[in-house]
Structure formats: structure tokens, C-alpha cells
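K.L.:
Let me give you the structure first, and then I'll get to my questions.
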Amino acid sequence: MRPFIAISALLFSSLSHAAEPLTIDVHRDANCGCCTAWISHLQDNGFTVNDHVETDMTAVKMRLGVPPRLASCHTGVIDGKFVEGHVPAADILKLRQQPDLLGAAVPGMPTGSPGMEYGDKRDAYQVIGLDRQGAERVISEYAGN
16 MRPFIAISAL LFSSLSHAAE PLTIDVHRDA NCGCCTAWIS HLQDNGFTVN DHVETDMTAV
76 KMRLGVPPRL ASCHTGVIDG KFVEGHVPAA DILKLRQQPD LLGAAVPGMP TGSPGMEYGD
136 KRDAYQVIGL DRQGAERVIS EYAGN
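Our numbering puts the first residue of the sequence shown at 16, with every later residue one more than the last.
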């Protein structure tokens, strides 16, 4: 009977840990509609979002270490890492599992990425991770049509 209790306790512990809310801070311009659509995508995928309306997004990006080549319209922060642009929720979870990365980005504003869904058109895009040495690597790739 003891192994059953131990397994049950382990399972309960794992489930309660998995149910912890994921909180992300999102910095955005007040006039950006796609930013609020991306926030909705995050909320629909279980994230709690602290929404920060900013007057100077360039300063926010500089403070968080987002390179200009990876820039987009809004910037999130989770676990001290930046999340730049229309990064899918699943890739934010991947980012959290990679301690060597400072952040992840979807440069630009590709049509079909979360928050940029307009009709059936989808641009191909990549989610790029940035490590502490400034090297980039692809976390995920999404095909266009």
C-alpha cells in the first residue's frame, strides 16, 4: 500500500506544480491592436498577463537587452527573459526550459503569428532565441502558405 501512496503523492505534486499560473509582463504602446490580440492569445493559453502601457517602447527594449534586429511591436518578460513580438505561447514554454537563453523573438510582425491572424494568409517565420554571448538560434519554425 505504501508504494501507491508515494506514487499518488508524486502525481498530485506534479499536477499541482503544472497548474501554477504562468505570469508574464507585457509592455506595449497604447495604440497597438495586435499587442492586445497577442495578450488574448497568451490568456487563452493559461498565462496571467500584467499589461504595461508604455510611452517609449525603444527604451523598454534597450533596458531588457532586445537587439534591434530582433525587434517587433511589444515586449514581454517572463522569468527575467524577454519575449519579443508575436511569440506563440508554446514557444514561451520552450524558452523557460532553456536557461542559457536571454530571450526569444519573432522579428517583425508576420501575418498568421499569434495576434496577427488576418484571414487564411500565413507568412513563414521563425522564433529566434538569443544566448548570453549574443548568438542566435532557431527555437521553432512555422510554415507559410
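Where is the CB? At the ideal position from N, CA and C, for every residue including glycine.
Everything numeric in this text was worked out from a predicted model, so none of it was measured.
Are Val142 and Ser128 close, meaning C-beta to C-beta below 7 Å?
P.N.:
Here residue 142 refers to the residue found at position 127 of the sequence shown. Here residue 128 refers to the residue found at position 113 of the sequence shown. Result no, Cβ atoms of Val142 and Ser128 do not sit closer than 7 Å.
K.L.:
Would you mind sorting Tyr133 into buried or exposed? The rule is 16 or more other CB atoms within 10 Å of its CB.
P.N.:
Here the question's residue 133 lines up with position 118 in the sequence shown. Burial check for Tyr133: the Cβ neighbour count within 10 Å stays below 16, so the residue is exposed.
K.L.:
Quick check on Gly177: does DSSP put it in helix, strand or coil?
P.N.:
Residue numbering for the chain in the displayed model covers 16 to 160; residue 177 lies beyond these limits and cannot be assessed.
K.L.:
Taking only runs that begin and end inside the stretch 41-128, name each unbroken beta strand (DSSP E) of 3 or more residues, in chain order.
P.N.:
62-69, 90-93, 96-100 and 116-121
K.L.:
Expressed to the nearest angstrom, what Euclidean distance is found between the alpha-carbon atoms of Pro83 and Asp59?
P.N.:
The count along the sequence shown starts at 1 and reaches residue 83 at position 68. The count along the sequence shown starts at 1 and reaches residue 59 at position 44. Each residue's alpha carbon lies about 29 Å from the other.
K.L.:
Is any heavy atom in the ligand COA found nearer than 6 Å to the beta carbon of Lys96?
P.N.:
The ligand content of the structure shown is nil, which means the ligand COA is not present either.
K.L.:
Per DSSP, which residues does Gly130 bridge with? Please list them.
P.N.:
For the purposes of this step, residue 130 is taken as the residue at position 115 of the sequence shown. Beta-bridge pairing by DSSP links Gly130 to no other residue.
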